[in-house]
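Numbering (this note's numbering), first residue to last: 27 to 374.
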């Protein structure tokens, strides 16, 4: 009997906790897919709040990197002892230039937040140059390989397929490669190294998924991730990892072959929504469904409220766009003087 089943005992709390999160996620996305009832003036207020949040996260993230490089942890863990789940460890003794985590648990989730907010503002045509600079600074400060690689791919797609966004996309790609190209190369070449974060996220869990598909083709019991992975001795840094830090893998773990089919269906849905948004005249905004699809790779917490609600916001923005006039005729949400030009329209 292999490690997946020997003595497996999932507690009722773990099972029902995960089950309820899955059900809540499905219900929330079902509700968000209905025609939106948010007015244009309400979206204007939302956009202002989102822009402000991007600025604040960017400032804190940059301060964390600067202070950390000087040997100080003063700007890390801004919530102190009230921090959700655990405190982030920048490990300054091992990292001359630490990765920023903003207000969140991990750098990768910080990158997911600012990326999702950025694309929400793009869809709403409420982006200005300060937002672009703030998002770029935050992504560079977090050095999230997933976010940087996904953003690079989307910009390259935009440069190839979207004529109106070509110049901006190419400029952004050049700056991205010059700024973090070396870091991306280092992170991806380390995927083969046992105990590296890339290895733990992408390669190490494959034997677990293989066992699930062979012995439980419809998926493992809800809430059994930690108990199951503890039997495989997968290294996450110096410690044994007990989590799946990849949403694609989590879907396969819990739903087996059905999860694989669901992932393929999500890919098809992303392509359909992309085509519809392009027909409405959106440029970078049309790439939003692919960002949402790729964001599954950021974390294994894809059923947690903090992940789901951000994606719900993006879905509502897309529904608002699909329900309205074309991009050429729909009025842009007013922004700061930095965006009183064609910039927000071209970015959409």
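C-beta: ideal position from N, C-alpha, C; glycine also.
Provide the residue span of the alpha helix (DSSP H) that contains residue 282, from first to last.
273-305
Can you tell me the Cβ-Cβ gap for residue 324 and residue 172, rounded? I've got them flagged as a contact below 8 Å.
5 Å
Nearest-angstrom Cβ-Cβ length linking residue 260 and residue 251, presumed shorter than 8 Å
Contact flag wrong, Cβ pair sits at about 12 Å.
Is the separation between the beta-carbon of residue 311 and that of residue 303 shorter than 8 Å?
yes
Return helix, strand or coil for residue 154, following the three-state DSSP convention.
coil
Please classify residue 353: is it buried, with 16 or more other beta-carbons within 10 angstroms of its beta-carbon, or exposed?
Because the pLDDT at residue 353 is just 47, under 50, the model does not fix this residue reliably, and the value given afterwards should be weighed accordingly. Residue 353 should be labelled buried.
Look up residue 221 in the DSSP assignment and say whether it is helix, strand or coil.
strand
Compute the beta-carbon to beta-carbon distance between residue 326 and residue 270, rounded to the nearest angstrom, for a pair I have assumed lies under 8 Å.
4 Å
Below 8 Å between beta carbons: does that hold for residue 58 and residue 314?
no
With H, G and I counted as helix, E and B as strand and the rest as coil, what does DSSP make of residue 265?
strand
Roughly how many angstroms separate the alpha carbons of residue 213 and residue 196, rounded to a whole number?
23 Å
Counted within 10 angstroms of its Cβ, other Cβ atoms place residue 132 as buried (16 or more) or exposed
buried
The alpha helix (DSSP H) with residue 90 in it runs from where to where?
66-95
Could you say if the stretch 68-80 and the stretch 97-105 meet the contact criterion of at least three C-beta pairs nearer than 8 Å?
no
So, helix, strand or coil for residue 130, using DSSP?
coil
Classify residue 37 as buried or exposed, calling it buried when 16 or more other Cβ atoms lie within 10 Å of its own Cβ.
exposed
Buried or exposed by the 16-neighbour rule on C-beta atoms within 10 Å, applied to residue 317:
buried
Do the CB positions of residue 280 and residue 235 come within less than 8 Å of each other?
no
Can you tell which of 290, 160, 263, 216 has the C-alpha that lies nearest to the C-alpha of residue 115?
263
For residue 336, collect the residues of the same chain with a Cβ closer than 6 Å to its Cβ; drop the 5 residues on either side in sequence, then sort them by chain order.
142
The alpha helix (DSSP H) enclosing residue 337, as first and last residue numbers:
331-349
Give the straight-line distance between the Cα atoms of residue 278 and residue 284, rounded to the nearest whole angstrom.
8 Å
Going by beta-carbon coordinates alone, are residue 238 and residue 230 separated by less than 8 Å?
no
Reduced DSSP category for residue 46 - H, G, I as helix; E, B as strand; rest coil:
helix
C-alpha gap between residue 299 and residue 93, whole angstroms
42 Å
How would you call residue 344, buried or exposed, if buried means at least 16 neighbouring beta carbons within 10 angstroms?
buried
In its own chain, which residues sit with a C-beta less than 6 Å from the C-beta of residue 268, not counting the 5 before and 5 after it?
252, 255, 256
Taking 6 Å as the limit between beta carbons, can you name the residues of its chain near residue 188, skipping five residues before and five after?
309
Contact defined as beta carbons within less than 8 Å: I believe residue 328 pairs with residue 273. What is the distance between those atoms, to the nearest angstrom?
4 Å
Same chain, Cβ closer than 6 Å to residue 227, five either side skipped, listed in chain order
271, 272
What does the Cβ neighbour count give for residue 203, buried or exposed, with the cut at 16 atoms within 10 Å?
exposed
Determine the closest residue to residue 206 out of 95, 125, 120, with distance taken between C-alpha atoms.
125
Whole angstroms is fine: what's the gap from residue 307's alpha carbon to residue 347's?
10 Å
Contact check, residue 334 vs residue 54, beta carbons under 8 Å
yes
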